[in-house]
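Numbering (this note's numbering), first residue to last: 1 to 913.
Just so you know, even glycine gets a beta-carbon here, dropped at the ideal spot from N, CA and C.
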Amino acid sequence: MLRVRREYQSWVANESLEDYALRYAASSYRRWTPGVVANTAIGGISFLALEAIGASITLSFGFLNAMAAVLVVSLVIFLVSLPIAYWCSVANVDIDLLTRGAGFGYIGSTLTSLIYASFTFIFFAIETAIWAQALQLALGLNLVVGYLVCSLVIIPIVFFGVTSINKLQAWTQPIWVVLLVAPFVFILFKDPDLLHAWVEFGGAAREGGGFNVLLFGVASGVLFSLLGQIGEQADYLRFLPDRTATNRRAWWGALLLAGPGWIVIGALKICAGSLLAVLALRMGSSAAQAMEPIHMFVHAYEHMVGVPVAALAIATIFVTVSQVKINVTNAYSGSLAWSNCFVRLAHYHPGRVVWLVFNVVIALLLSLLGIFETLQAVLSVYSTLVIAWIGALVADLVVLKRTGISPPYIEFKRAHLYNFNPVGCGATLIASAVAVVAYAGALGELAQAFFGFIALAVAFVSAIVIAYATGGRYYIARPDQHYRSQSARTLVECCICERAYEAPDMAHCPFYRGPICSLCCGLELHCHDFCKRPRGRQDEASERSPGGLRFRPHVLRRVGRFLAVLSIAAALLGAAFLLTYRFMELNGGSANASVVNVMERLYVATLVLASLGIWWIVLSHESQEQSERELLGSMRHLEQTRKTLVESEKLASLGGLVAGVAHEINTPVGIAVSSASYLSDRTEAAQALVQAGRFDVAAQEKYLRDAGESARLLLSNARRVAQLVLNFKQLAVDRITEARHRFDLKAHLEETIRDLQPKLGESQVEVSIEVASSIQMDSYPVSLAQVVTNLTINSLQHAFEPGERGHIVIRATLREDDEVRIEYSDDGRGIDAELVGRIFEPFFTTRRMIGGSGLGLYIVNQIVTRQLDGSIALEAHAGRGVRFVLDFPRVARYTPDVGQILAALPRRPTDEP
């Protein structure tokens, strides 16, 4: 297949901005210590939504039910998060790539990427609302303006990826810890009775404060929404360095603290929010204000400093620091999740930075809709999805990998995965459906309260059952027989983007017949998973003529696509209408049966219109598929035509070369043969005179003159043939036959001209060299000397008549792009305009009869463009001299001999064609 080089946008190609999104985190990039990585990851749990959740469940369900839920759910989250954190750390992949290889498949994990992306923008919106509330209370800033400011200020920080986030978290961590801990010390010291009031708090749902199983279950459902936080922790843990004997303890400490250990600190923050909510109620705040972190901490700092204005200022600073620390993590993780999702659906990757802005905009819209007012409802509904996903994922990592059903490694590349794996996808769908039914109350009050536990258990068990039922056959579509066994630090160049990546990020592509990186593989549109077909079908497809490519639309496939997209659209529209209805209730709007009926009719009408658009999308997609297949056929036909033209050009070039060689050698060889024949005849005549006794002095002198002239002609033409053979050998200049050296350009040019003094001395031509002494080259000195020599000899032979005075000037300058420009000029007779286009052709000369071979400038062009990796241009006019402009790198680009490298590699039977 014809390879077309893929050029990425600057921010995609720059891994300092891209942070290896969609890729294995290269070992060369993981340069931070375990402590630095852990500090950055821990900085992400500063989110004040934890305090808000603690306040919400305490005010709603009472202290005892809330704390019981915190203890139980925290233990579950710790146990579930541990294997996820471990595998992301050892495989050096984020949670999206982990999900691909742990039971979901390449396309199937798109669903989980959406779930995870939803987690990031939901919590981004919640944290933005908390921050905007603080700015409104402290500065009187309009809430809508506050949402805009608090959202957009995060983008510049996250733009530069984990490098800038590391610095931010390191600088703000001490301030955040002091401001978080200090008020609690003062509160407990000044008001110890608060603890008793907190423990006795019964909540709004049930007076008396006793334990209630149903309330415990509902509170647990809200807390289960935090299960997705391990994804954000894993996004940083993938940058942990390789575990060694020297850093083993630090590595495990960072893993446990920043991985599952986040929930330990998180649980303490939930309890802190619960305590501060009770304090706010005691100090006269309403229940709605007591749930807002800014009001909580204003009361807390007022206990500490005793001055309301100072307390408000400190609380605002604390909220600002906390929200910046968490929202950079939410925005960063969201950009990774959206990148993973979109690249699989559209085969296009505009860059992580684009999805960063997209994620922030969605979160901003949710903030404007008032998501903080529906905190419990939003988190409870969302938790059904995240629990089902995480449950299926953990089942694979903990059970199926240990039993051998799942591969003992994480395979995330499209080239080796099935599009869908029923283990993870099926378990997630089953668990989500059961949990939604339970949450709706169809299975009774108890099931409704414990829908979170039901979702986790069903997902875990379903994944194991499906895996054993399918025998694990949908994990690996094609084993990696090329790069899996190679060292992780081995660099391999992608045949599409021509960039080198480490072996774990590479796959062998039979479609392009070369190595391909995971991102180029994921973006490939034309192969249609060619590599996953059986070998026989691959060979058949490779040999199939372009005329055999046909597109045959299938009715069932068309209807299936329509129903699938329609189902997704129906679910999204239903969620939007449900959320609208919920907002109407909260804002005091009418929620009677007539409103519900109108909304149902509007929903159906909207769905009908959407179905028309979806049908058009399906047909357009089929049209696009047909166009792709036609394009693929055209590309194959173009490749075949190109090969035919190349073969024809090779034969034509070979014919031209043979003709040129024959023409050049024919004249000196003919003269040599004639001279030898003449010398042979004269020798036979001399021998006859000797035998006849008539070889006198005059005959001897005549013979010696003829013999000397013949010998001169033989030697001259033999040397001519030897020089032509040497020139022919230089036609195939090899870029690795000469070793690179460091040398001063000016000194090297002066030495080259000194070597030409015998020829320059025979002429009246002067050579001037104008080169700065500071240009230090790292290139090929012999090749450069050959270029200057050929140009000078060409001027002496063609530009000036014998005895004519002339000047040759050689200038060299260093350009801003670290390239050297050499300008060679003479003031000779110049070149006619009709000859300029042929000046670099082999064997082209205007002085063939007086010694010109037509190879001097051709060799110059070959050396400059191939050996020096540069360019050469000619400016010439008849009667006004010539000017050659040579541009080439100061530091020669290293081009390895691929043939020698491949020949040195060990061969395996699977490597044979």
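Taking all protein chains shown into account, K190 has fewer than 16 neighbouring C-beta atoms within 10 Å of its C-beta and is therefore exposed. Put simply, the backbone Cα of G217 is about 11 Å away from that of V70.
Pairing S710 with Y678 gives a Cβ-Cβ distance under 8 Å. Nearest C-alpha to S611 among L563, A799 and F577: L563.
Take R243, set aside five residues on each side of it, and the residues of its chain with a beta-carbon closer than 6 Å to its own are W251, in chain order.
Counting only the Cα atoms, A447 lies some 24 Å from F119. With a contact defined as Cβ atoms closer than 8 Å, P515 and V492 qualify at about 5 Å. In this structure, the CA atom of A507 is about 35 Å from the CA atom of E819.
Take I839, set aside five residues on each side of it, and the residues of its chain with a beta-carbon closer than 7 Å to its own are I831, L857 and L874, in chain order. Secondary structure note for S225: it is in no alpha helix (DSSP H), with a DSSP letter that is neither H nor E.
Looking from the CA of S151, the closest CA among F358, L385 and G210 belongs to F358.
Residue range L143 to L152 is occupied by the alpha helix (DSSP H) that includes C150. Boundaries of the alpha helix (DSSP H) around Q169: G161 to K190. For T58, the uninterrupted alpha helix (DSSP H) segment begins and ends at A49 to F61. Within the same chain, R23, K413 and D505 come within 6 Å of S518 by CB-CB distance, once the 5 residues on both sides are set aside.
The alpha-carbon of L645 is positioned some 35 Å away from that of H877. Residue environment: E770 is assigned as exposed (fewer than 16 neighbouring CB atoms within 10 Å of its CB, all protein chains considered). Cβ contact annotation for T606 (same chain, cutoff 7 Å, sequence separation greater than five): L573, in chain order.
Three or more pairs of CB atoms, one per stretch, sit closer than 8 Å, so the region 796-813 contacts the region 760-775. In summary, H299 is buried, with 16 or more beta-carbon neighbours lying within 10 Å of its beta-carbon over all protein chains present. Of all C-beta pairs linking the region 157-176 to the region 245-264, fewer than three are shorter than 8 Å, placing the two stretches out of contact. R489 is not a Cβ neighbour of E498, given a cutoff of 8 Å.
In this structure, DSSP gives E770 an extended state, which the three-state scheme calls strand. The shortest C-alpha to C-alpha distance from A258 to any of Q233, V278 and A267 is the one to Q233. S383 and L227 have their C-alpha atoms some 8 Å from each other. Counting other Cβ atoms within 10 Å of its Cβ, D193 stays below 16 and is therefore classed as exposed. Of the other Cβ atoms in all chains shown, fewer than 16 fall within 10 Å of the Cβ of R473; this residue is therefore exposed. Of the other Cβ atoms in all chains shown, 16 or more fall within 10 Å of the Cβ of T99; this residue is therefore buried. Under the 10 Å beta carbon count, F211 is surrounded by fewer than 16 other beta carbons and is classified as exposed. Per DSSP, P479 lies in no alpha helix (DSSP H) segment and is marked neither H nor E.
For A138, the uninterrupted alpha helix (DSSP H) run begins and ends at S109 to L139, by DSSP. The region 49-61 makes contact with the region 262-282; the number of CB pairs closer than 8 Å reaches 3 or more. In the structure shown, Y332 falls within a helical segment according to DSSP collapsed to helix, strand and coil. Closest by C-alpha distance to L137, out of M296, Y332 and I410, is M296. The straight-line gap separating the alpha-carbon atoms of S335 and A85 is approximately 20 Å.
When the five nearest sequence neighbours on each side are left out, the beta carbons in the same chain lying within less than 7 Å of the beta carbon of Q776 are those of R742 and D744, in order along the chain.
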